[in-house]
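Enquirer:
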Amino acid sequence: MRTRSRCTSLLLAAFLASSGFVLAGCTGFFDSYPNADEPADLVGTWTHAAGRITLNEDGSFEMTDMPKWVALGDSSGSGSSETVSCTGTWTLSVEIQNFWLSSEAADCGGGGFATGRQGEMTIAFGIDSGSGDPRCYELVREDSNLTPRGYEDCLQYN
6 MRTRSRCTSL
16 LLAAFLASSG
26 FVLAGCTGFF
36 DSYPNADEPA
46 DLVGTWTHAA
56 GRITLNEDGS
66 FEMTDMPKWV
76 ALGDSSGSGS
86 SETVSCTGTW
96 TLSVEIQNFW
106 LSSEAADCGG
116 GGFATGRQGE
126 MTIAFGIDSG
136 SGDPRCYELV
146 REDSNLTPRG
156 YEDCLQYN
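Residue 6 is where the sequence shown starts when you use my numbering, and the numbers rise one by one after that.
1) Given a cut-off of 7 Å, decide if T50 and E147 are closer than it, judged by their beta-carbon atoms.
2) What residue does the alpha helix (DSSP H) around L77 start on, and which one ends it?
3) Indicate whether M71 and G56 have their beta-carbon atoms separated by less than 7 Å.
4) Measuring CA to CA, which of M126, S107, D133 is closest to P153?
5) Check whether the Cβ atoms of I128 and L151 lie closer than 7 Å to each other.
6) In whole angstroms, what separates the C-alpha of G124 from that of S149?
7) Of the choices F130, G155, S136, whose alpha-carbon is the least far from that of A76?
8) Please list, in chain order, all residues of the same chain as T94 whose beta carbon is under 6 Å from its beta carbon, the five residues on each side excluded.
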């Protein structure tokens, strides 16, 4: 009886130790996909090449030199070098990690999602034109060391 108790204790200790290693590994995984817990988490300037969007704390935004096909969410124009600049307002839905841009300019608006990698927050615009194509266009914070991912490298579901 005593042997079984020691064996059970050893097995339980081994199980708990291995569970700790597994959970520690999961912590690293979840750290690479940070969430926006509130709109303030997205406030700042985000860039991709010459394109830039500044999301202000008061809910306003300014977009400059953003590829027009990105702002319209239409990958069919991905070969175009035409850009847009505009201003407007933005909101964030924390529950689904999506942000929306509203502007009086017809070719500027839409939205994207808050995401992240390597422990840093990023934002990305879906460019599927309603087709379900998972590709996107990622922007990183102005002072980030990350290289923003473009149409071929950015996937909404990765």
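Even for Gly, the Cβ is constructed at its ideal location relative to N, Cα and C. On a predicted model such as this, the values are computed, not experimentally measured, just so you know.
Expert: From the atom records:
1) For this step, residue 147 is matched to residue 142 along the sequence shown. For this step, residue 50 is matched to residue 45 along the sequence shown. Result yes, Cβ atoms of E147 and T50 sit closer than 7 Å.
2) The sequence position of residue 77 within the sequence shown is 72, counting from 1. Run containing L77: 73-77, per the alpha helix (DSSP H) assignment.
3) Translated into positions along the sequence shown, residue 71 becomes position 66. Translated into positions along the sequence shown, residue 56 becomes position 51. Closer than 7 Å, so yes.
4) Translated into the one-based positions of the sequence shown, residue 153 becomes position 148. When each option's Cα is compared against that of P153, the closest is M126.
5) By 1-based counting over the sequence shown, the position of residue 128 is 123. By 1-based counting over the sequence shown, the position of residue 151 is 146. The Cβ-Cβ distance between I128 and L151 does not fall below 7 Å.
6) The residue given as residue 124 occupies position 119 in the sequence shown. The residue given as residue 149 occupies position 144 in the sequence shown. Between G124 and S149, the C-alpha separation is close to 11 Å.
7) Locating residue 76 in the sequence shown gives position 71, counting from the first residue. Cα-wise, what sits closest to A76 is F130.
8) Here residue 94 corresponds to residue number 89 of the sequence shown, with the count starting at 1. Only G64, S65, S107 meet the Cβ criterion.
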